[in-house]
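Protein sequence lines, in the order shown, are assigned to chains A and E.
The numbering of the first sequence is UniProt numbering, which starts it at 1 and goes up by one.
The numbering of the second sequence is UniProt numbering, which starts it at 1 and goes up by one.
Built from N, CA and C at the ideal position, the CB exists for glycine as well.
No experiment lies behind these values; they were computed from the predicted model shown.
I have placed the structure first, in the form of structure tokens, so that the comments after it can refer back to it.
Protein chains: 2
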Amino acid sequence: MPKRVVPETDRRRRRPTKQGQVLTHQLIVETALRMLREHGADGLTARRLGLALGADASTVYRYFRGMDDLILAIADELFAHAMAGWRSTGDWRSDLRELGLRIHHAYLAHPQAAVLTASRVTGRPNEVAADETILGVLRGAGFPDADAVRIYHAFIDQSLAFSILDAATLALPVAAREADEEVWQDTYARLPAATHPNIAATAALLVARMNDSAYPTALDMLLSSASAQLRG
Amino acid sequence: MPKRVVPETDRRRRRPTKQGQVLTHQLIVETALRMLREHGADGLTARRLGLALGADASTVYRYFRGMDDLILAIADELFAHAMAGWRSTGDWRSDLRELGLRIHHAYLAHPQAAVLTASRVTGRPNEVAADETILGVLRGAGFPDADAVRIYHAFIDQSLAFSILDAATLALPVAAREADEEVWQDTYARLPAATHPNIAATAALLVARMNDSAYPTALDMLLSSASAQLRG
DNA sequence: TCATCAACGTCAATGGCGTTGGCATAAGGA
DNA sequence: TCCTTATGCCAACGCCATTGACGTTGATGA
Chain A
1 MPKRVVPETD RRRRRPTKQG QVLTHQLIVE TALRMLREHG ADGLTARRLG LALGADASTV
61 YRYFRGMDDL ILAIADELFA HAMAGWRSTG DWRSDLRELG LRIHHAYLAH PQAAVLTASR
121 VTGRPNEVAA DETILGVLRG AGFPDADAVR IYHAFIDQSL AFSILDAATL ALPVAAREAD
181 EEVWQDTYAR LPAATHPNIA ATAALLVARM NDSAYPTALD MLLSSASAQL RG
Chain E
1 MPKRVVPETD RRRRRPTKQG QVLTHQLIVE TALRMLREHG ADGLTARRLG LALGADASTV
61 YRYFRGMDDL ILAIADELFA HAMAGWRSTG DWRSDLRELG LRIHHAYLAH PQAAVLTASR
121 VTGRPNEVAA DETILGVLRG AGFPDADAVR IYHAFIDQSL AFSILDAATL ALPVAAREAD
181 EEVWQDTYAR LPAATHPNIA ATAALLVARM NDSAYPTALD MLLSSASAQL RG
């Protein structure tokens, strides 16, 4: 039985689809990202992706081994967005802060994609380049290798953790977002003081705040800690 | 067209299934949690859940409005596990640290469930009870309401962010876990120093570390910051 | 010039999924 | 006893990812 094989490179000019579209890996990834933003995480299906490309669902399988393979490609695309045009300022703390915020913003710009790719290790070029850059900043700052790696892990963990949390909230289907918002308004704001004195006392403050990102603050805490370590 | 209605309470004795099982909401949630642990997030389907209960898939819809409703019930069950048997020690810092670790451990004990429920607001009893408890600890410590709410949000954000990240890693299908591990070993450990000097120099350190949770450290940083705020 | 061959778009089919309408049955209440 | 209601089950709908087979295209080389 001849197994379907996905070629690694584009050695041959592509034949256009019925609708005249010429496909490439990059085009498919970009289309998938657009579909994710417009239709949510559940809206990205092989059928719909094919349709958006002016092609058949099965055509996607000529380019990717399956949806998981496509998702990893999307994950790497996020890192490409995050790192595009980055330049060192010479100051490791502002470099690291900038890198963290770039990753965070790349996730928030495509929350549905971010949720799908959460915690995957792709080993693909753009993700590897980001790792190389971060380690370079830390080693260039003078951290011994062991410390640099420890801070690298803490930095990545913190960046990804908050990014995934925020993205997961943003990526919820509109219906779920509205249901959750209703729960805040209807449940928390109306709990009786007799059974829930602390929620009742702070209900207005609790419900008022929605989604002012906590990540930048956490990032600064991490950088302060690393600075102390470098001086000490 | 008669819409299927899910009754809120169990006012009537249940009729056993063909296999003699008597169903309750609680039993279904517990069975779903077991299926999640044993078969992964994709392994929880209405058909399989029905089968595991000795019933039909559609029977689940007599108890829950749909899979989303079931997932919210599962989310609340995680909070029940986290809070079971909790008692205040009288010291707000150790109380808060304990609560954070309890939530973290509840997530890690059911990573597949944690991923499904990430960032949902259920407003159901156990989640609300946890919120009431946390706010009670902070207000009892002497924080003014505005500060208590701010720290509550930071605490919850941090706890959930790291829990979701760790759970997402643990919840990956075995195949994906192995693929990611291979990427670490095969890609990062073999990058040439010419193109990736920093990864090449620290490859052994990078690859050696897998999943020593960063959350407790981050939690302690948060508590130190809150302490300073209370004293200042 | 033309045969060969790999690339790749499309079709049809498979087996799984969530969900729902309809029906049969059993438990209480009257 | 009869009626209402809860509830289990069946069959069906439309969706999904994936794959084998087939036809067509373009590049290559003799």
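Residue j and residue i - do their beta-carbons sit closer together than 9 Å?
| i | j | result |
| --- | --- | --- |
| L206 (chain E) | Y188 (chain E) | yes |
| S213 (chain E) | H104 (chain E) | yes |
| A226 (chain A) | F162 (chain E) | no |
| residue 282 (chain A) | D95 (chain A) | Not covered by the structure: residue 282 (chain A). The range shown for chain A is 1 to 232. |
| L23 (chain A) | A57 (chain A) | no |
| L108 (chain A) | L44 (chain A) | no |
| A200 (chain A) | A208 (chain A) | no |
| L78 (chain A) | A113 (chain A) | yes |
| D186 (chain E) | G123 (chain A) | yes |
| S119 (chain E) | I164 (chain E) | yes |
Within 10 Å of its beta-carbon, does residue i have 16 or more other beta-carbons around it, so buried, or fewer, so exposed?
| i | result |
| --- | --- |
| A203 (chain A) | buried |
| D166 (chain A) | buried |
| E127 (chain E) | buried |
| G66 (chain E) | exposed |
| W86 (chain E) | exposed |
| M1 (chain E) | In this predicted model, M1 (chain E) has a pLDDT of only 36, less than 50, meaning its place in the structure is not dependable enough to derive any value. |
| R12 (chain A) | Note that R12 (chain A) has pLDDT 47, beneath the 50 cutoff, so the model's placement of it is unreliable and the number below is only indicative. Exposed, because fewer than 16 other Cβ atoms sit within 10 Å of the Cβ of R12 (chain A). |
| E38 (chain E) | exposed |
| D10 (chain A) | Bear in mind that a pLDDT of 48 at D10 (chain A), under 50, signals an unreliable position, so the model cannot answer this. |
| V174 (chain A) | exposed |
| G50 (chain A) | buried |
| D91 (chain A) | exposed |
| D42 (chain A) | exposed |
What's the gap between the Cα of residue i and the Cα of residue j?
| i | j | result |
| --- | --- | --- |
| A32 (chain A) | I74 (chain A) | 8 Å |
| L135 (chain A) | F155 (chain A) | 11 Å |
| P125 (chain E) | M221 (chain A) | 34 Å |
| E182 (chain E) | D68 (chain A) | 16 Å |
| H99 (chain E) | A106 (chain E) | Correcting the residue type first, residue 99 (chain E) is Leu in the shown sequence and not His. Looking at the two C-alpha atoms, the distance is approximately 11 Å. |
| R231 (chain E) | L223 (chain E) | 12 Å |
| K3 (chain A) | L116 (chain E) | Note that K3 (chain A) scores 44 on pLDDT, short of 50, meaning its location in the model is unreliable; the coordinates nonetheless yield the value given after this. Straight-line Cα distance between these residues: approximately 34 Å. |
| P144 (chain A) | A168 (chain A) | 35 Å |
| R62 (chain A) | L36 (chain A) | 21 Å |
| G140 (chain A) | V149 (chain A) | 13 Å |
| H196 (chain A) | E132 (chain E) | 6 Å |
| R93 (chain E) | A80 (chain E) | 22 Å |
| Y215 (chain A) | A129 (chain E) | 26 Å |
| L191 (chain E) | R190 (chain A) | 58 Å |
| E178 (chain A) | A84 (chain A) | 34 Å |
| A46 (chain E) | L219 (chain A) | 41 Å |
| R30 (chain A) | L53 (chain A) | Correcting the residue type first, residue 30 (chain A) is Glu in the shown sequence and not Arg. Straight-line Cα distance between these residues: approximately 10 Å. |
| R102 (chain E) | A82 (chain E) | 5 Å |
| Q229 (chain A) | T217 (chain A) | 19 Å |
| H153 (chain E) | S159 (chain A) | 18 Å |
| T89 (chain A) | G142 (chain A) | 16 Å |
| D180 (chain A) | L27 (chain A) | 35 Å |
| L70 (chain E) | D147 (chain E) | 35 Å |
| Q21 (chain E) | R34 (chain E) | 16 Å |
| G40 (chain A) | W184 (chain E) | 30 Å |
| H25 (chain A) | A176 (chain A) | 32 Å |
| residue 259 (chain E) | T59 (chain A) | Residue 259 (chain E) cannot be examined here, being either before or after the span of chain E that is shown, 1 to 232. |
| N198 (chain A) | R97 (chain E) | 19 Å |
Please determine whether the Cβ atom of residue i lies at a distance below 8 Å from any heavy atom of the ligand SAM.
| i | result |
| --- | --- |
| A75 (chain A) | No copy of the ligand SAM appears in this structure; indeed no ligand is present at all. |
Within the segment 107-135 of chain E, ranges of the alpha helix (DSSP H) (whole runs, at least 4 residues): 111-117
Every unbroken beta strand (DSSP E) within the segment 144-191 of chain A, with a cutoff of 3 residues, ordered by chain: none
4-residue-minimum alpha helix (DSSP H) runs that sit fully inside the UniProt domain "HTH tetR-type" (22-82) of chain E, ordered along the chain: 25-39 and 46-52
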